[in-house]
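Take the position in the sequence shown, starting the count at 1, then add 45; the result is the number in the numbering used here.
Before any comments, here is the structure.
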Amino acid sequence: MSSVTSDAIPIKSTTRTIRECFVSCLYVVPNFQRPYSWDIDELDDYWADVVLARGDFFFGSTVTWESESRELFNNTYSIIDGQQRLTTSAIMLSVIRDAFLAAVESEDGIGSGDLRSQARAQAERTQKYLMIEDDRGVQHPVLTRHEPNFQEVVLNPSAIPSHKRWNGSARQIGVAREYFERRVQEAVDSNSLAEVIKTLQGLRDNVLKARLIQVELTSEEDGFLIFETLNTRGADLRLADLVKNLLVRGSATKVEDRETVSRRWEQLTDRVQGEDGSTVNVDQFMWQSWNSRRPAVTEAELYKKIHEFVDGSAQRHLEYLGELEFDSIVYQYLDDVGLVIDKQALDPKSALRIPEVVEAIRALALFNVSVANSAILAVVRKYEKSGLMRKQDVIAACRAIESFHFQFTALTNSGSTGGTRGRYNRFAVELEEASSRQAVQGAIKSFQEKLEGSLPSPEEARASFEQLFYAPKVRLNNAQKRRSRKQFLSYVLLRLAQHHKTLPLGQDLSVWTIEHIRPQKLASAEVESPEYSIGNLALLTDAANNDLGDGDLAAKRAGLNRFVLWKDDQLSKWIDDNEKSEVQVRDIALRAKLLAVLAVDAVWSIR
Numbered sequence: 046m047s048s049v050t051s052d053a054i055p056i057k058s059t060t061r062t063i064r065e066c067f068v069s070c071l072y073v074v075p076n077f078q079r080p081y082s083w084d085i086d087e088l089d090d091y092w093a094d095v096v097l098a099r100g101d102f103f104f105g106s107t108v109t110w111e112s113e114s115r116e117l118f119n120n121t122y123s124i125i126d127g128q129q130r131l132t133t134s135a136i137m138l139s140v141i142r143d144a145f146l147a148a149v150e151s152e153d154g155i156g157s158g159d160l161r162s163q164a165r166a167q168a169e170r171t172q173k174y175l176m177i178e179d180d181r182g183v184q185h186p187v188l189t190r191h192e193p194n195f196q197e198v199v200l201n202p203s204a205i206p207s208h209k210r211w212n213g214s215a216r217q218i219g220v221a222r223e224y225f226e227r228r229v230q231e232a233v234d235s236n237s238l239a240e241v242i243k244t245l246q247g248l249r250d251n252v253l254k255a256r257l258i259q260v261e262l263t264s265e266e267d268g269f270l271i272f273e274t275l276n277t278r279g280a281d282l283r284l285a286d287l288v289k290n291l292l293v294r295g296s297a298t299k300v301e302d303r304e305t306v307s308r309r310w311e312q313l314t315d316r317v318q319g320e321d322g323s324t325v326n327v328d329q330f331m332w333q334s335w336n337s338r339r340p341a342v343t344e345a346e347l348y349k350k351i352h353e354f355v356d357g358s359a360q361r362h363l364e365y366l367g368e369l370e371f372d373s374i375v376y377q378y379l380d381d382v383g384l385v386i387d388k389q390a391l392d393p394k395s396a397l398r399i400p401e402v403v404e405a406i407r408a409l410a411l412f413n414v415s416v417a418n419s420a421i422l423a424v425v426r427k428y429e430k431s432g433l434m435r436k437q438d439v440i441a442a443c444r445a446i447e448s449f450h451f452q453f454t455a456l457t458n459s460g461s462t463g464g465t466r467g468r469y470n471r472f473a474v475e476l477e478e479a480s481s482r483q484a485v486q487g488a489i490k491s492f493q494e495k496l497e498g499s500l501p502s503p504e505e506a507r508a509s510f511e512q513l514f515y516a517p518k519v520r521l522n523n524a525q526k527r528r529s530r531k532q533f534l535s536y537v538l539l540r541l542a543q544h545h546k547t548l549p550l551g552q553d554l555s556v557w558t559i560e561h562i563r564p565q566k567l568a569s570a571e572v573e574s575p576e577y578s579i580g581n582l583a584l585l586t587d588a589a590n591n592d593l594g595d596g597d598l599a600a601k602r603a604g605l606n607r608f609v610l611w612k613d614d615q616l617s618k619w620i621d622d623n624e625k626s627e628v629q630v631r632d633i634a635l636r637a638k639l640l641a642v643l644a645v646d647a648v649w650s651i652r
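This is the structure we're talking about:
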């Protein structure tokens with residue numbers, strides 16, 4: 046044990062095994078801490094280095110402060126750094142405990158009753174490293190976390206499930222549990238009950254023998270400062286970790302108020318994390334939110350700028366938290382191709398009640414475009430909060446962004462996004478600062494003009510449109526797949542129909558199918574076959590497609606006339622010509638050319 050004082054902060058350090066940690070201490074993951082985030086790579090290392098260790102293994106340090114002292118029982122330590130190691134060790138012990146319990150139910154011939162009793166006893170001993178009893182018989186969790194599955198699966202498997210939704214951190218705990226369950230099952234598979242017990246004991250011993258250095262501070266404030274300092278000294282802290290720490294510490298001094306801020310933070314990050322629960326998504330969100338309000342900064346500069354903005358004021362900390370909360374409501378939908386909005390859950394003034402806005406968001410997700418997020422956030426915010434932006438202004442801005450990226454990104458894959466990102470930031474800031482309806486409309490008009498000036502030439506865009514095709518049975522390279530995705534072709538054909546008001550906005554792309562008017566059976570194995578061309582495609586529902594079959598135009602005529610909801614002039618001409626039994630190659634090329642003109646000059650025009 047050693048004790049030093051650094052910059053007036055008293056620090057004590059102790060070398061402990063995991064067993065000593067879990068027998069002698071209670072741990073709490075405080076509200077400003079990052080979520081549990083270990084993934085397969087880290088779990089692989091833990092399994093190889095700790096669980097399969099030969100001899101004692103040293104795996105780092107924890108930084109804690111003593112948050113509760115007791116005379117006759119273990120003290121409680123709040124974890125500043127190292128919670129991933131302690132949490133993973135607890136998860137692993139819970140899997141070993143459950144493997145002992147599973148062995149109780151196994152059959153092992155003569156004497157198996159004694160062996161099952163041994164397995165049950167070993168499960169109980171393992172559980173004592175996760176829940177520890179004081180002299181009054183009160184059970185205490187050795188490690189306290191807020192995730193429901195940590196409470197109900199890791200610590201107390203007999204608990205009644207809460208059915209709370211798993212956030213990103215809980216999902217990662219679930220990933221770790223499943224990983225270790227698979228690994229442990231592989232280790233004991235096909236063994237006798239006696240061998241299973243011996244193997245599980247060996248795995249548990251290795252977990253408990255692993256050593257770490259526990260660094261102990263004396264106050265929560267020291268913990269906040271050390272947490273932040275760790276980042277400047279190379280510790281693996283993400284922007285989201287640091288900002289959470291900053292907001293919880295700076296917004297309040299009362300414990301209950303800090304808990305409230307922490308819960309608000311968790312709610313907003315749950316919205317933007319995505320299914321993988323990645324804090325990378327939170328970092329990206331904060332960066333794009335900031336750049337939707339203020340002159341652009343790089344992601345590396347952002348923490349410094351946030352720190353300067355809040356400037357030690359509790360009110361400014363809460364103001365910034367409020368900014369993130371507001372922007373997170375829309376941001377959660379910005380990468381959802383299948384976006385369906387429950388309007389009943391929205392504020393009456395929400396921009397997400399406008400079908401054109403939702404359609405633009407879905408399209409950008411389909412194009413895999415995130416560079417426009419700052420502009421979308423600024424448009425939505427101006428409409429919902431200022432009263433200076435009309436519905437038609439919102440639609441004009443969102444349609445301009447969608448149309449630009451249809452031509453610039455989806456069709457021609459033009460250039461880098463660096464200049465485009467700057468353009469979006471400047472528009473967002475101009476919109477944020479606009480103080481009248483005239484200023485709002487002027488910002489949108491100028492924005493549209495700048496987007497128009499950056500488009501590929503109409504000739505290039507039309508040529509790229511003509512190259513769209515759908516060849517579901519042909520092996521494609523990556524470049525070809527970009528022009529031949531079913532969802533993308535369905536979007537194109539739907540947008541053409543919606544432009545002519547034969548279909549409403551908000552269609553589910555998955556319920557539509559693409560019909561090759563000249564049958565695919567006439568095509569070669571090459572993607573250039575005219576049968577695959579956009580000029581030979583029509584959009585139908587699955588049911589209608591099944592009714593149409595794979596015949597020639599004469600066989601399909603009645604079905605096409607009935608089921609195709611929008612027919613351009615060329616398609617109508619084919620269908621109406623009862624003497625025409627089959628679509629010719631020249632017919633397909635002409636229709637592709639005419640559709641390209643319609644698309645570039647009208648449907649996806651900026652204004």
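Ideal Cβ placement from N, Cα and C applies to all residues, glycine included.
Item                                                                                                                                                                        : Value
Roughly how far, in whole angstroms, is the beta-carbon of L292 from the beta-carbon of D372, given that I think they are within contact range, below 8 Å?                  : The pair is not a contact, with the Cβ atoms about 15 Å apart (cut-off 8 Å).
I'd like to know if the stretch 537-548 and the stretch 470-485 are in contact, where contact means that at least 3 CB-CB pairs between them fall below 8 Å.                : no
Name the one or two DSSP bridge partners that L301 has.                                                                                                                     : Looking at the sequence provided, one finds Glu at residue 301 rather than Leu. Note: E301 sits in no beta bridge, so no partner.
Distance, Cα to Cα, R99 vs N251?                                                                                                                                            : 8 Å
So, helix, strand or coil for K518, using DSSP?                                                                                                                             : coil
Let me know the secondary structure DSSP gives P393 once reduced to three states.                                                                                           : coil
Since G24 is in the alpha helix (DSSP H), which residue starts that stretch and which ends it?                                                                              : The question about residue 24 has no answer, for the chain in this structure spans 46 to 652.
Under three-state DSSP, which class holds S465?                                                                                                                             : The amino acid at residue 465 is misidentified as Ser; the sequence shows Thr. It is helical.
Compare the C-alpha of H185 against each of H191, M176, I562, P193 and name the closest.                                                                                    : M176
Leaving aside the five residues before and after V74 along the sequence, list all residues of the same chain whose C-beta is less than 6 Å from its C-beta, in chain order. : I124, Q128, R190
Just reading off the beta strand (DSSP E) that L257 is part of, what are its end residues?                                                                                  : 256-262
What are the boundary residues of the beta strand (DSSP E) that W655 is part of?                                                                                            : The requested residue 655 is not part of the displayed model; the chain covers only 46 to 652.
Under the assumption that F449 contacts L496 (Cβ atoms under 8 Å), give the Cβ distance between them as a whole number of angstroms.                                        : 4 Å
Answer yes if the stretch 486-496 comes into contact with the stretch 347-358, meaning at least three C-beta pairs across the two stretches below 8 Å, and no otherwise.    : no
In this structure, how does DSSP classify D94 when only helix, strand and coil are distinguished?                                                                           : helix
Going straight from the alpha carbon of S102 to that of R61, what length do you get?                                                                                        : First, the amino acid is wrong: residue 102 is Phe here, not Ser. Those two C-alpha atoms are separated by around 11 Å.
What does a CB cutoff of less than 7 Å around V403 pick up in its chain, not counting 5 residues either side in sequence?                                                   : L384, I386, L397, G551
Relative to the C-alpha of I242, which residue among W332, L200, D286, S151 is closest?                                                                                     : S151
For G154, does the count of other Cβ atoms within 10 angstroms reach 16, so buried, or fall short, so exposed?                                                              : Residue confidence is low: G154 scores 48 on pLDDT, short of 50, so the model does not pin down where it sits. No coordinate-derived value is stated.
How is the alpha helix (DSSP H) around Y365 delimited, first residue to last?                                                                                               : 359-376
CA-CA distance, D646 and W92?                                                                                                                                               : 59 Å
Using 8 Å as the threshold, is the stretch 432-441 in touch with the stretch 560-577, meaning 3 or more CB pairs across them?                                               : no
Assign Y122 to one of three DSSP states: helix, strand, or coil.                                                                                                            : strand
Exposed or buried, what is V300 when buried is set at 16 or more other beta-carbons lying within 10 Å of its beta-carbon?                                                   : exposed
Please determine, among A417, A144, E192, the residue with the shortest C-alpha to C-alpha distance to E169.                                                                : A144
By a C-beta neighbour count over all protein chains shown, 10 Å radius and 16 as the cutoff for buried, is I651 buried or exposed?                                          : buried
Just tell me which of E197, S139, L160, Q333 has its CA closest to the CA of T171.                                                                                          : S139
Taking the alpha-carbon of R361 as reference, which of T59, L131, R294 has the nearest alpha-carbon?                                                                        : R294
In the structure shown, what three-state DSSP assignment does I155 receive?                                                                                                 : Below a pLDDT of 50, predicted positions are generally treated as unreliable, and I155, at 46, falls in that range; no measurement from the model is reported.
Ignore the nearest five residues each way along the sequence and tell me which others in L433's own chain have a CB closer than 7 Å to its CB.                              : K427, A479, S481, R482, V485
Return helix, strand or coil for A524, following the three-state DSSP convention.                                                                                           : helix
Considering only residues of the same chain and omitting the five flanking positions on each side of S296, which have a CB-CB separation below 8 Å?                         : D302, R303, V306, A359, H362, L363, L366
Of the choices E505, R283, P340, whose alpha-carbon is the least far from that of Q329?                                                                                     : R283
Give the straight-line distance between the Cα atoms of N572 and L513, rounded to the nearest whole angstrom.                                                               : Per the sequence shown, the amino acid found at residue 572 is Val instead of Asn. Near 10 Å, if we compare the C-alpha coordinates of L513 and V572.
Give me the DSSP bridge partner(s) of H185.                                                                                                                                 : I177
Could you give the C-beta distance for Y378 and I406, rounded to a whole number, given that I count them as a contact under 8 Å?                                            : 6 Å
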